[in-house]
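J.: Numbering (this note's numbering), first residue to last: 227 to 673. Handing you this structure, nothing more for now.
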Amino acid sequence: MIIENHKNLNMETKRENVVRPIDPANFLTEETGSEEKSPGCFSIDFTVAVVLPAGGSGERTGLSTPKQFCTFLNRPLISYTIQAFERIAWIENIVVVIAKDSIDLMVNIIQQFGHKKVKVVLGGSTRHRSIFNGLQAFGESEEESALKKPKVVIIHDAVRPFVEEDFLLKIAIAAKQQGASGAIRPLVSTVIATTSEGYLDHSLERAKYRASEMPQGFLYDVIHQAYVQCSETDFEFGTECLHLVLQYCGTNARLIEGPHTLWKVTYKKDLLAAESIIKETLAQTACVVAGQCEESSRLAGALQKTLGSQDMHVDIVPTSLRRSSAFISKTWNFVHVTVNTAGLADVEELVKTFEETAHSVLYSVVLILVHLDVSEQTSASERMAALGGIRSLAAEAKRKNILLYGILLNPVKDAGQWEEAVENLSQIISALIKERSPALAGQLLWV
Ligand SMILES: Nc1ccn([C@@H]2O[C@H](COP(=O)(O)OP(=O)(O)OP(=O)(O)O)[C@@H](O)[C@H]2O)c(=O)n1
Ligand SMILES: O=C(CO)[C@H](O)[C@H](O)COP(=O)(O)O
């Protein structure tokens with residue numbers, strides 16, 4: 227669900243000590259389970275800063291909230307984009323250019339999501355004016371408020387949340403060597419010229435043309451000079467920074483084909499697409515926390531197999547290690563298996579750990595309690611009653627962006643029925659993880 231305004235941005239946060247595990251914006255192309263590409267593993271011997279123009283009104287979405295502030299999964303779009311840059315060690319500063327009316331909102335977002343490298347600058351009436359304002363935030367340090375002028379500046383629309391470190395590195399290096407660089411994509415439709423009467427004038431040979439996307443990189447002095455020299459017409463109607471540096475500085479940009487995920491959120495449907503990419507990426511991994519008893523291990527192993535067959539990488543962690551940050555930081559999805567004893571105290575402890583490690587600040591954490599009662603004396607209603615406390619626990623957890631669900635697994639002896647039950651259980655777990663629905667938090671399901 228996309229939320230149009232920011233009124234629900236009120237969950238408690240802990241800004242210190244924020245765990246910075248893999249960001250979906252940066253692990254889209256990584257294979258799940260393979261060694262994590264550690265942020266900061268690239269080294270670069272020149273300074274790089276970023277300007278994110280975010281001063282537009284997003285008219286084409288048809289929504290009253292500018293698209294960069296629309297929220298999904300409890301977080302505004304702009305925060306995903308900022309995070310995609312902020313986690314990169316070689317990026318020093320991020321200047322975010324914001325319209326006057328949204329400055330307070332932006333300051334709140336920075337505080338709530340613990341963004342640390344960001345400076346907010348006032349936007350202009352067009353994208354080029356906003357970008358120029360952003361560039362002027364850098365100086366020779368004689369002004370106290372000025373940021374140190376970088377060698378290379380990357381310009382990236384705030385409404386393109388999926389940008390990866392390896393591609394940014396290519397853009398930064400090419401910009402340093404060539405003076406300017408930019409992302410391109412093959413055209414998906416043919417470009418045609420029309421007559422003023424609305425007839426076809428001519429069409430372009432599609433294979434010869436490319437769509438110009440973002441990010442783009444520049445030697446700071448080159449792009450700054452281009453903006454200093456450009457005309458009012460450029461400021462008012464221009465759409466291409468690469469064109470400005472060619473026209474005013476004679477710099478031919480190096481063009482690099484980027485991934486399709488660089489697309490710009492422009493229409494309402496793009497917001498839905500961005501949300502589903504994030505959900506899909508978050509659902510690639512899970513951790514099953516299980517005790518050592520035979521039933522626990524058997525159930526955990528069966529879940530690992532069935533969820534694995536749905537393309538989810540599942541680690542099994544013994545209950546004794548549940549507070550270890552080494553496994554917590556690897557995923558945002560947890561299945562806690564308990565046998566005979568409901569284990570609500572363990573669940574409460576896990577919630578506390580997520581809170582203490584600020585694990586749910588950037589993404590919602592899904593925690594599913596799967597309870598199997600094999601003791602023959604317990605009636606169905608007693609089993610339900612044992613998990614009755616989950617509702618209040620879930621209400622408390624939800625305030626911390628942790629979505630707690632309960633599933634009661636009916637004991638079965640027959641091997642065929644067991645397999646069917648595990649299959650059903652995995653389907654439900656997988657749906658809860660993929661949907662991340664706050665409305666279902668606190669519900670007790672029965673398999
Ligand atoms: N005066 C402006 C206009 C646009 N932008 C930013 O430039 C980026 C790309 O522009 P676009 O997709 O056109 O955004 P909007 O202008 O907001 O959208 P629309 O044209 O639909 O109103 C966005 O991050 C937008 O916020 C900006 O900083 N200042
Ligand atoms: O792709 C781009 C530059 O090459 C820009 O994102 C694009 O020009 C923005 O333009 P508009 O505001 O018209 O959508």
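Cβ coordinates follow ideal geometry from the N, Cα and C atoms, glycine included.
Ligand 1 and residue 283: does the residue's C-beta get closer than 7 Å to at least one heavy atom of that ligand?
T.: Residue mapping note: residue 283 aligns to position 57 of the sequence shown, counting from 1. Indeed, a heavy atom of ligand 1 lies less than 7 Å from the Cβ.
J.: Roughly how many whole angstroms lie between the Cα atoms of residue 326 and residue 283?
T.: Stepping through the sequence shown from its first residue, residue 326 is reached at position 100. Stepping through the sequence shown from its first residue, residue 283 is reached at position 57. Each residue's Cα considered, the two are about 11 Å apart.
J.: Only counting the same chain, and skipping five residues up and downstream in sequence, which positions put a Cβ closer than 8 Å to that of residue 404?
T.: In the sequence shown, counting from the first residue as 1, residue 404 sits at position 178. Cβ neighbours of residue 404 beyond the five flanking positions: 477, 478, 479, 480.
J.: Please state whether DSSP places residue 234 in a helix, a strand or coil.
T.: Sequence index remark: in the sequence shown, residue 234 carries index 8 (1-based). Residue placement at residue 234 cannot be trusted, given a pLDDT of 42 that sits under 50; what the coordinates show is reported in the next sentence. The answer is coil: DSSP assigns residue 234 none of H, G, I, E or B.
J.: Quick check: is any heavy atom of ligand 1 less than 7 Å from the C-beta of residue 302?
T.: Locating residue 302 in the sequence shown gives position 76, where the first residue counts as 1. No, Cβ of residue 302 sits at least 7 Å from all heavy atoms of ligand 1.
J.: Confirm the yes/no value for this check: CB of residue 505, any heavy atom of ligand 1, distance under 7 Å.
T.: In the sequence shown, residue 505 corresponds to position 279, counting from 1. No - ligand 1 has no heavy atom lying nearer than 7 Å to the Cβ of residue 505.
J.: Among residues of its own chain, excluding the 5 on either side of residue 580, which ones have a beta-carbon nearer than 6 Å to its beta-carbon?
T.: Mapped onto the sequence shown, residue 580 falls at position 354. If we look at residue 580 and ignore the five residues flanking it on each side, its Cβ neighbours are 586, 591, 628.
J.: If you compare alpha carbons, which of 399, 386, 392 is closest to residue 379?
T.: For the purposes of this step, residue 379 is identified with residue 153 of the sequence shown, where counting begins at 1. The candidate whose alpha carbon is nearest that of residue 379 is 399.
J.: Applying the 10 Å Cβ sphere with the 16-neighbour rule, what's the burial state of residue 519?
T.: Here residue 519 corresponds to residue number 293 of the sequence shown, with the count starting at 1. Residue 519 comes out exposed.
J.: Note down the Cα distance separating residue 255 from residue 341, rounded to an integer number of angstroms.
T.: As a working mapping, residue 255 is identified with position 29 in the sequence shown. As a working mapping, residue 341 is identified with position 115 in the sequence shown. With a pLDDT of 34 at residue 255, under the threshold of 50, the modelled position of this residue cannot be trusted; read the value that follows with caution. Whole-angstrom Cα-Cα distance: 24 Å.
J.: Mapping the DSSP letters down to three states, classify residue 419 as helix, strand or coil.
T.: Along the sequence shown, one-based indexing puts residue 419 at 193. Strand, per DSSP.
J.: Assuming residue 493 contacts residue 387 (C-beta within less than 8 Å), just tell me the rounded distance between them.
T.: For the purposes of this step, residue 493 is taken as residue 267 along the sequence shown, with counting starting at 1. For the purposes of this step, residue 387 is taken as residue 161 along the sequence shown, with counting starting at 1. The pair is not a contact, with the Cβ atoms about 15 Å apart (cut-off 8 Å).
J.: List the residues that DSSP assigns as beta-bridge partners of residue 511.
T.: Indexing the sequence shown from 1 puts residue 511 at position 285. BP columns for residue 511 point to 539.
J.: Mind checking whether residue 395 and residue 319 have CB atoms under 8 Å apart?
T.: The sequence position of residue 395 within the sequence shown is 169, counting from 1. The sequence position of residue 319 within the sequence shown is 93, counting from 1. No; because the gap between Cβ atoms is not below 8 Å, this pair is not in contact.
J.: Quick check on this structure: which residue in 550, 514, 521 has the alpha carbon closest to the alpha carbon of residue 534?
T.: Working through the sequence shown from its first residue, we reach residue 534 at position 308. Per the Cα distances, 514.
J.: Within 10 Å of its beta-carbon, does residue 486 have 16 or more other beta-carbons around it, so buried, or fewer, so exposed?
T.: In the sequence shown, residue 486 corresponds to position 260, counting from 1. Exposed is the call here.
J.: In this structure, does DSSP put residue 451 in helix, strand or coil?
T.: By 1-based counting over the sequence shown, the position of residue 451 is 225. In the structure shown, residue 451 sits in a helix (DSSP, three-state: H, G or I).
J.: Just verifying my parser: in three-state terms, what is the DSSP assignment at residue 291?
T.: Position 65 of the sequence shown, counted from the first residue, corresponds to residue 291. Coil at residue 291, not helix or strand.
J.: Can you tell me whether residue 425 is helix, strand or coil according to DSSP?
T.: Looking up residue 425 in the sequence shown gives position 199. Residue 425 falls in the coil class under three-state DSSP.
J.: CB of residue 279 to nearest heavy atom of ligand 1: below 7 Å?
T.: Locating residue 279 in the sequence shown gives position 53, counting from the first residue. Yes - ligand 1 has a heavy atom lying nearer than 7 Å to the Cβ of residue 279.
J.: Does the contact criterion of 3 or more C-beta pairs under 8 Å hold for the region 664-671 versus the region 619-637?
T.: Yes, the region 664-671 touches the region 619-637.
J.: Return the chain-ordered ranges of every alpha helix (DSSP H) run that is complete within the region 569-644 and spans a minimum of 4 residues.
T.: Complete alpha helix (DSSP H) runs here, min 4: 570-582, 606-612, 616-624.
J.: For residue 403, report the span of its alpha helix (DSSP H) as first-last.
T.: The count along the sequence shown starts at 1 and reaches residue 403 at position 177. 391-404 is the span of the alpha helix (DSSP H), which, as asked, contains residue 403.
J.: Tell me which residues share the same chain as residue 661 and place their Cβ nearer than 8 Å to its Cβ, disregarding the 5 neighbours each side in the sequence.
T.: Indexing the sequence shown from 1 puts residue 661 at position 435. For residue 661, where only same-chain residues beyond five positions count, the Cβ hits under 8 Å are 505.
J.: Counting along the chain, where does the alpha helix (DSSP H) carrying residue 555 start and finish?
T.: Within the sequence shown, numbered from 1, the residue matching residue 555 stands at position 329. No alpha helix (DSSP H) contains residue 555, which DSSP labels as neither H nor E.
J.: Can we say the region 466-477 touches the region 437-452, given the rule of at least three CB pairs closer than 8 Å?
T.: Yes: at least three Cβ pairs fall under 8 Å.
J.: Confirm the yes/no value for this check: CB of residue 460, any heavy atom of ligand 1, distance under 7 Å.
T.: The sequence position of residue 460 within the sequence shown is 234, counting from 1. Flag unset: Cβ of residue 460 not near ligand 1.
J.: So residue 528 is in the alpha helix (DSSP H); what residue range does that whole segment cover?
T.: Taking the first residue of the sequence shown as 1, we reach residue 528 at position 302. Residues 520-534.
J.: Based on the DSSP output, what are the partners of residue 374 in its beta bridges?
T.: Within the sequence shown, residue 374 is the residue found at index 148, counting from 1. Paired residue(s): 365.
J.: Mapping the DSSP letters down to three states, classify residue 206 as helix, strand or coil.
T.: Here the chain comprises residues numbered 227 to 673, so residue 206 is not present and cannot be evaluated.
J.: Taking the alpha-carbon positions, what's the residue 180 to residue 543 distance?
T.: The requested residue 180 is not part of the displayed model; the chain covers only 227 to 673.
J.: Is residue 594 near residue 483, with beta carbons less than 8 Å apart?
T.: Position 368 of the sequence shown, counted from the first residue, corresponds to residue 594. Position 257 of the sequence shown, counted from the first residue, corresponds to residue 483. No, the pair does not count as a contact, with Cβ atoms beyond the cut-off.
J.: Can residue 472 and residue 437 be called in contact, C-beta distance under 8 Å?
T.: As a position in the sequence shown, residue 472 is number 246, starting the count at 1. As a position in the sequence shown, residue 437 is number 211, starting the count at 1. No, they are not a contact pair.
J.: At what residues does the alpha helix (DSSP H) containing residue 471 begin and finish?
T.: Taking the sequence shown and counting its residues from 1, the one referred to as residue 471 is at position 245. 467-475 is the span of the alpha helix (DSSP H), which, as asked, contains residue 471.
J.: Kindly examine ligand 1 and report whether one of its heavy atoms sits closer than 7 Å to the Cβ of residue 294.
T.: Position 68 of the sequence shown, counted from the first residue, corresponds to residue 294. Residue 294 Cβ: within cutoff of ligand 1.
J.: With burial defined as no fewer than 16 other Cβ atoms inside 10 Å of the residue's Cβ, what is the status of residue 532: buried or exposed?
T.: Sequence index remark: in the sequence shown, residue 532 carries index 306 (1-based). Label assigned to residue 532: buried.
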